[in-house]
């Protein structure tokens, strides 16, 4: 994909040289910074467009995870009889949905980068990487509202005498979100590049996320897998599993603490991000002509 390279000034002002991207993994950080105003506009567009013609608007950011937590609390804990120990099932699920809902939203919107913005990419040049990055940033607003819901129920259950405690360990949730952001951005870039070439991935993405959610300890404790050494390694191999489980550990004071597996998850997230940028840069060279 050709991109402008601003050269030094001349007697008549300046000239713009159009040259191709010289590397698949090359990211022009200076150019991304120069387009920061556009990034802000894209973040604003994503937020306004998502619930523009809805009756409840941003309230859906609160209702969606809350309804999911209620339904899964009934299905997994009341019907299936899966125990959450001393932690109330609703709070147990709301805590795990914080990183998972953010991850899922980033992947869903980022995977459709090329197909949803083909009309824009074909008209004007700007760093294409801004679009999936804007999705990661705009979804932070929804994450903030979901945190507010979690805090409300946390205070409610704590007042009822539930054995929950966070303390200073809750601050570890911030670096965990950085890992989630990197992993979700990397996965969304890989899916965006794949969807641009094979539209089948647009139908596969929701199915993949659904399977990934049930493979992660979102609605059940990690102990169900760690009790069995045969399946324990497979559960920890899922990069979202340590993140979700450690969210419960630092926010609720209950869960399996495994820093080694958390480090592996961070490493996998970084590798996924690098591979995602590689695939995305390769796809953007010819994607506009093929859409």
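Numbering (the working numbering), first residue to last: 895 to 1185.
Ideal placement from N, C-alpha and C gives every residue a C-beta, glycine not left out.
For clarity, every value in this text was computed on a predicted model and none was experimentally measured.
Inter-residue spacing [alpha-carbon to alpha-carbon] between residue i and residue j
i: residue 1173; j: residue 1144; result: 35 Å
i: residue 1127; j: residue 1156; result: 13 Å
i: residue 1171; j: residue 1047; result: 38 Å
i: residue 1004; j: residue 1101; result: 16 Å
i: residue 1091; j: residue 1098; result: 14 Å
i: residue 925; j: residue 1021; result: 8 Å
i: residue 936; j: residue 1011; result: 11 Å
i: residue 1067; j: residue 1027; result: 21 Å
i: residue 1165; j: residue 1083; result: 12 Å
i: residue 1060; j: residue 1018; result: 49 Å
i: residue 953; j: residue 1123; result: 43 Å
i: residue 1013; j: residue 1146; result: 46 Å
i: residue 1008; j: residue 1177; result: 9 Å
i: residue 928; j: residue 1053; result: 49 Å
i: residue 1151; j: residue 1108; result: 20 Å
i: residue 1125; j: residue 938; result: 43 Å
i: residue 1175; j: residue 934; result: 22 Å
i: residue 995; j: residue 1041; result: 11 Å
i: residue 973; j: residue 1023; result: 44 Å
i: residue 978; j: residue 923; result: 45 Å
i: residue 1062; j: residue 1045; result: 15 Å
i: residue 958; j: residue 1121; result: 32 Å
i: residue 1049; j: residue 1086; result: 40 Å
Residues of its chain near residue i, where Cβ-Cβ distance is below 7 Å and the 5 sequence neighbours each way are ignored
i: residue 1105; result: none
i: residue 1088; result: 1095
i: residue 960; result: 1043
i: residue 962; result: 991
i: residue 1159; result: 1073, 1133, 1136 and 1137
i: residue 970; result: 976, 1113 and 1114
i: residue 1035; result: 941
i: residue 1169; result: 1080 and 1084
i: residue 1162; result: 1133
i: residue 1064; result: 1144 and 1145
Beta-carbon spacing of residue i, residue j below 8 Å
i: residue 1032; j: residue 931; result: no
i: residue 990; j: residue 1142; result: yes
i: residue 1075; j: residue 1030; result: yes
i: residue 1131; j: residue 1119; result: no
i: residue 1078; j: residue 1000; result: yes
i: residue 1167; j: residue 1055; result: no
i: residue 985; j: residue 1051; result: yes
i: residue 1070; j: residue 1153; result: no
Own chain partners of residue i with C-beta closer than 8 Å, once the 5 adjacent residues on each side are dropped
i: residue 943; result: none
i: residue 1093; result: 1009
i: residue 1103; result: 998, 1001 and 1002
i: residue 1117; result: 1150
Same chain only: Cβ atoms within 6 Å of residue i, ignoring 5 sequence neighbours per side
i: residue 956; result: 1039 and 1043
i: residue 1149; result: 1139, 1142 and 1143
i: residue 1002; result: none
i: residue 987; result: 963, 966, 967 and 1113
i: residue 997; result: 1074 and 1078
i: residue 1057; result: 980
i: residue 983; result: 967 and 971
i: residue 904; result: Because the pLDDT at residue 904 is just 46, under 50, the model does not fix this residue reliably, and the value given afterwards should be weighed accordingly. Result list for residue 904: empty, nothing under 6 Å.
i: residue 1006; result: none
4-residue-minimum alpha helix (DSSP H) runs that sit fully inside the segment 1111-1154, ordered along the chain: Fully enclosed alpha helix (DSSP H) runs of 4 or longer: 1117-1120, 1123-1131 and 1134-1146.
- Can you list, in chain order, the stretches of the alpha helix (DSSP H) that have 4 or more residues and sit fully within the segment 921-978? 923-928, 930-944 and 953-966
Next on the checklist: Threshold first: 3 residues or longer. Then list the beta strand (DSSP E) segments lying entirely within the segment 1017-1072, N to C.
Outcome noted: none
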